[in-house]
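Trainee: Taken in order, the sequence shown gives residues 1 to 390; the numbers are from full-length UniProt numbering.
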Amino acid sequence: MTEFRFARRSAILGKSVFDHAPGTIALNSGAAYPPCLPDVVREATEAVGPLREEAMQYAPLMGLDDLRDEICNFVAEDGIKANRENVLVTYGSKSAFDLALRTFCEPGDTVIVTRPTYMTAVHIMRTHNVRFLDIGQDEQGFDAEELARKLAIMENNAEQMPKLLFDVPDFHNPTGVTTSLARRKRMLELAQRYNFVICEDDPYRRIRFEGEVIPSIKSMDTTGHVISLGTVSKILAPGLRVGWAIGDAGVIRRMAMQKADGGSNAFAQRIVVQLMRSNKMAKHIDEMIHHMRIHRDEMIAAFAEHLPEAEIRAPQGGYFLWAKLPEESDAERLVELGIEEGVEISSGRLSFPNDDPGNFIRMAYSFIEVDDIKDGIAKLGVAWRKLQTQ
Ligand code: PMP
Numbered sequence: 001m002t003e004f005r006f007a008r009r010s011a012i013l014g015k016s017v018f019d020h021a022p023g024t025i026a027l028n029s030g031a032a033y034p035p036c037l038p039d040v041v042r043e044a045t046e047a048v049g050p051l052r053e054e055a056m057q058y059a060p061l062m063g064l065d066d067l068r069d070e071i072c073n074f075v076a077e078d079g080i081k082a083n084r085e086n087v088l089v090t091y092g093s094k095s096a097f098d099l100a101l102r103t104f105c106e107p108g109d110t111v112i113v114t115r116p117t118y119m120t121a122v123h124i125m126r127t128h129n130v131r132f133l134d135i136g137q138d139e140q141g142f143d144a145e146e147l148a149r150k151l152a153i154m155e156n157n158a159e160q161m162p163k164l165l166f167d168v169p170d171f172h173n174p175t176g177v178t179t180s181l182a183r184r185k186r187m188l189e190l191a192q193r194y195n196f197v198i199c200e201d202d203p204y205r206r207i208r209f210e211g212e213v214i215p216s217i218k219s220m221d222t223t224g225h226v227i228s229l230g231t232v233s234k235i236l237a238p239g240l241r242v243g244w245a246i247g248d249a250g251v252i253r254r255m256a257m258q259k260a261d262g263g264s265n266a267f268a269q270r271i272v273v274q275l276m277r278s279n280k281m282a283k284h285i286d287e288m289i290h291h292m293r294i295h296r297d298e299m300i301a302a303f304a305e306h307l308p309e310a311e312i313r314a315p316q317g318g319y320f321l322w323a324k325l326p327e328e329s330d331a332e333r334l335v336e337l338g339i340e341e342g343v344e345i346s347s348g349r350l351s352f353p354n355d356d357p358g359n360f361i362r363m364a365y366s367f368i369e370v371d372d373i374k375d376g377i378a379k380l381g382v383a384w385r386k387l388q389t390q
């Protein structure tokens with residue numbers, strides 16, 4: 001075998017969504033609910049027909065103008081004021097985040113994240129060889145006061161200050177928590193005071209089951225310190241791979257210069273324009289909310305029945321349920337035993353960029369049928385009882 005000289009990038013790759021043992025109930029995947037996927041796409045594809053040439057050419061690096069305008073309209077509902085020049089279209093919001101890291105961070109720089117944070121974001125950040133300043137999270141969300149204390153100490157010690165903060169303020173992945181308005185304001189204040197950029201990743205914002213809508217951090221940003229990362233993955237279909245970054249026009253241009261993909265997929269962008277212009281997307285979002293609320297309730301009821309020892313907090317939206325097992329429980333071992341019983345969940349390991357407490361698990365209720373949720377958690381309960389006897 002040839003000994004290749006690979007780059008020193010410390011990434012851990014997750015499994016593919018479709019990579020499950022046959023017959024296994026996949027509670028580890030935040031993929032879209034399949035029954036909600038196909039119809040809207042077929043119709044929208046037909047509507048793209050007359051625009052054959054545009055859809056089959058390279059798209060402009062910044063994205064189709066029509067889509068950038070539609071995205072501005074879409075986020076205006078969240079109180080975000082943006083013009084075309086503030087919008088960069090990307091291959092999903094993950095790639096928008098990657099561009100933000102390329103734009104702001106050198107290897108060895110520090111990025112602020114929650115403890116735990118989105119596991120794929122950790123993967124992306126590791127490919128940039130950044131260090132993590134991890135900040136706690138409680139039922140109010142991001143612990144901005146912990147960050148304030150840590151930043152003050154770093155400044156006092158003349159340490160290199162963080163350049164970027166990554167957070168998912170609405171229905172956080174993995175914890176499901178939503179950050180309060182007061183905390184959001186404090187995060188913004190700190191970004192302005194210490195001059196770092198906030199990447200506000202908000203894929204689940206519209207998938208709200210109950211509770212009051214909280215203004216996005218971007219909607220309160222008057223100084224350009226916030227880059228809002230958006231996507232159609234959760235409100236239409238992840239396979240379209242259409243997302244965006246919204247920010248200060250100068251920042252957005254610099255991010256576009258980091259794009260090495262020749263511009264995002266014109267065909268998919270045109271489909272998204274069609275869907276955003278029709279009432280199809282709004283209808284689709286309502287359907288998703290309807291199904292996901294049922295899925296969440298089913299999963300919470302199943303936990304109460306089969307694994308009452310786990311501490312859970314009902315998320316008010318989004319796709320995920322996060323559970324704390326009693327101290328000293330071995331979540332990694334529970335995942336293995338779960339697979340033996342025919343259910344797949346995720347341990348918290350990949351979500352903690354620094355130290356993994358070892359006793360957290362994440363379940364997604366998005367991908368599977370409601371009956372499988374009940375069965376899946378019942379199987380997890382069996383695995384849990386086996387773990388107690390080991
Ligand atoms: N951010 C978070 C927090 C997510 O959970 C997901 C989906 N798993 C995404 C972004 C979606 O990324 P993309 O737009 O690249 O599909």
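Backbone N, C-alpha and C fix where the C-beta goes; we use that ideal spot for every residue, glycine too.
Say yes only if the C-beta of T120 is nearer than 8 angstroms to one or more non-hydrogen atoms of ligand 1, and no if none qualify.
Mentor: Looking up residue 120 in the sequence shown gives position 120. Checking every heavy atom of ligand 1 against the Cβ of T120, one is found closer than 8 angstroms.
Trainee: Go through its chain and collect everything with a Cβ distance to K386's Cβ below 6 angstroms, but skip five positions before and after it.
Mentor: For the purposes of this step, residue 386 is taken as residue 386 along the sequence shown, with counting starting at 1. Excluding sequence neighbours, K386 sits near L337.
Trainee: Under the three-state reduction of DSSP, which class applies to D202: helix, strand or coil?
Mentor: Within the sequence shown, residue 202 is the residue found at index 202, counting from 1. The answer is coil: DSSP assigns D202 none of H, G, I, E or B.
Trainee: Counting only the same chain and skipping the five closest in sequence on each side, list residues whose C-beta sits under 8 angstroms from that of D201.
Mentor: The residue labelled residue 201 in the question sits at position 201 within the sequence shown. Exclusion of the five residues before and after D201 leaves S93, F97, Y118, A121, F166, D167, V168, L229 as the residues of its chain whose Cβ lies within less than 8 angstroms of its Cβ.
Trainee: Work out the CA separation of E106 and M257 for me, nearest whole Å.
Mentor: Mapped onto the sequence shown, residue 257 falls at position 257. Mapped onto the sequence shown, residue 106 falls at position 106. One C-alpha to the other measures close to 16 angstroms.
Trainee: DSSP three-state label for S366, please.
Mentor: Residue 366 sits at position 366 when you count from the first residue of the sequence shown. The answer is coil: DSSP assigns S366 none of H, G, I, E or B.
Trainee: Unbroken beta strand (DSSP E) runs of length 3 or more, entirely within the region 317-355: which are they?
Mentor: The region 317-355 is shown to contain whole beta strand (DSSP E) runs of 3 or more residues at 320-324, in chain order.
Trainee: Suppose you measure from the CA of A266 to the CA of Q57; what does that come to, to the nearest Å?
Mentor: If you number the sequence shown from 1, residue 266 lands on position 266. If you number the sequence shown from 1, residue 57 lands on position 57. Going from the Cα of A266 to the Cα of Q57 covers about 7 angstroms.
Trainee: Quick check: is any heavy atom of ligand 1 less than 8 angstroms from the C-beta of G243?
Mentor: Here residue 243 is taken as the residue at index 243 of the sequence shown, counted from 1. Yes - ligand 1 has a heavy atom lying nearer than 8 angstroms to the Cβ of G243.
Trainee: Does the distance between the C-beta of Y319 and the nearest non-hydrogen atom of ligand 1 fall short of 8 angstroms?
Mentor: Working through the sequence shown from its first residue, we reach residue 319 at position 319. Yes - ligand 1 has a heavy atom lying nearer than 8 angstroms to the Cβ of Y319.
Trainee: Would you kindly work out how many angstroms separate the C-alpha atoms of R193 and E85, rounded to a whole number?
Mentor: As a working mapping, residue 193 is identified with position 193 in the sequence shown. As a working mapping, residue 85 is identified with position 85 in the sequence shown. Whole-angstrom Cα-Cα distance: 26 angstroms.
Trainee: Go ahead and pull the three-state DSSP assignment for T45.
Mentor: Translated into the one-based positions of the sequence shown, residue 45 becomes position 45. In the structure shown, T45 sits in a helix (DSSP, three-state: H, G or I).
Trainee: Are the beta-carbon atoms belonging to I227 and R184 less than 9 angstroms from one another?
Mentor: Taking the first residue of the sequence shown as 1, we reach residue 227 at position 227. Taking the first residue of the sequence shown as 1, we reach residue 184 at position 184. The criterion of a C-beta distance shorter than 9 angstroms is not satisfied by I227 and R184.
Trainee: Give me the DSSP bridge partner(s) of I135.
Mentor: Locating residue 135 in the sequence shown gives position 135, where the first residue counts as 1. According to DSSP, I135 bridges with T114.
Trainee: Does the beta carbon of G176 fall short of 8 angstroms from some heavy atom of ligand 1?
Mentor: In the sequence shown, counting from the first residue as 1, residue 176 sits at position 176. It does not: the Cβ of G176 is nowhere closer than 8 angstroms to a heavy atom of ligand 1.
Trainee: Would the beta-carbon of L229 be found less than 8 angstroms away from any heavy atom of ligand 1?
Mentor: Translated into positions along the sequence shown, residue 229 becomes position 229. Checking the Cβ of L229 against ligand 1 gives yes.
Trainee: Quick check on DSSP: helix, strand or coil for G250?
Mentor: Start at 1 with the first residue of the sequence shown, and residue 250 comes out as number 250. It is helical.
Trainee: Need the endpoints of the beta strand (DSSP E) that S29 sits in, please.
Mentor: Stepping through the sequence shown from its first residue, residue 29 is reached at position 29. It is not in any beta strand (DSSP E) - S29 carries neither H nor E in the DSSP assignment.
Trainee: Taking all protein chains shown into account, do 16 or more other C-beta atoms lie within 10 angstroms of the C-beta of E70, making it buried, or fewer, making it exposed?
Mentor: The residue you call residue 70 lines up with position 70 of the sequence shown. Taking all protein chains in view, the Cβ of E70 is crowded by 16 or more other Cβ atoms within 10 Å, so the residue is classified as buried.
Trainee: How close, in whole Å, do the beta carbons of G348 and P116 come, if the pair is a contact with beta carbons under 8 angstroms?
Mentor: On the sequence shown, residue 348 is found 348 positions in, with the first residue counted as 1. On the sequence shown, residue 116 is found 116 positions in, with the first residue counted as 1. Contact holds; Cβ gap of about 6 angstroms.
Trainee: Hey, is D134 close to ligand 1, as in C-beta under 8 angstroms from one of its heavy atoms?
Mentor: Along the sequence shown, one-based indexing puts residue 134 at 134. Ligand 1 has no heavy atom closer than 8 angstroms to the beta-carbon of D134.
Trainee: Hey, F171 and Q316 are a contact pair by Cβ (cut 8 angstroms); roughly how many whole angstroms apart?
Mentor: Sequence index remark: in the sequence shown, residue 171 carries index 171 (1-based). Sequence index remark: in the sequence shown, residue 316 carries index 316 (1-based). With a Cβ gap of about 7 angstroms, F171 and Q316 count as contacting.
Trainee: So, for K150: in the same chain, excluding its five sequence neighbours on each side, which residues have a beta-carbon less than 8 angstroms away from its beta-carbon?
Mentor: Position 150 of the sequence shown holds residue 150. The answer, listed in chain order, is L133, I135.
Trainee: Cβ atoms of G243 and T231: under 9 angstroms apart, would you say?
Mentor: Along the sequence shown, one-based indexing puts residue 231 at 231. Along the sequence shown, one-based indexing puts residue 243 at 243. Yes, they are a contact pair.
Trainee: Which residues mark the beginning and the end of the beta strand (DSSP E) in which V226 is found?
Mentor: Within the sequence shown, the letter at position 226 stands for residue 226. Where V226 is concerned, the enclosing beta strand (DSSP E) stretches over 226-231.
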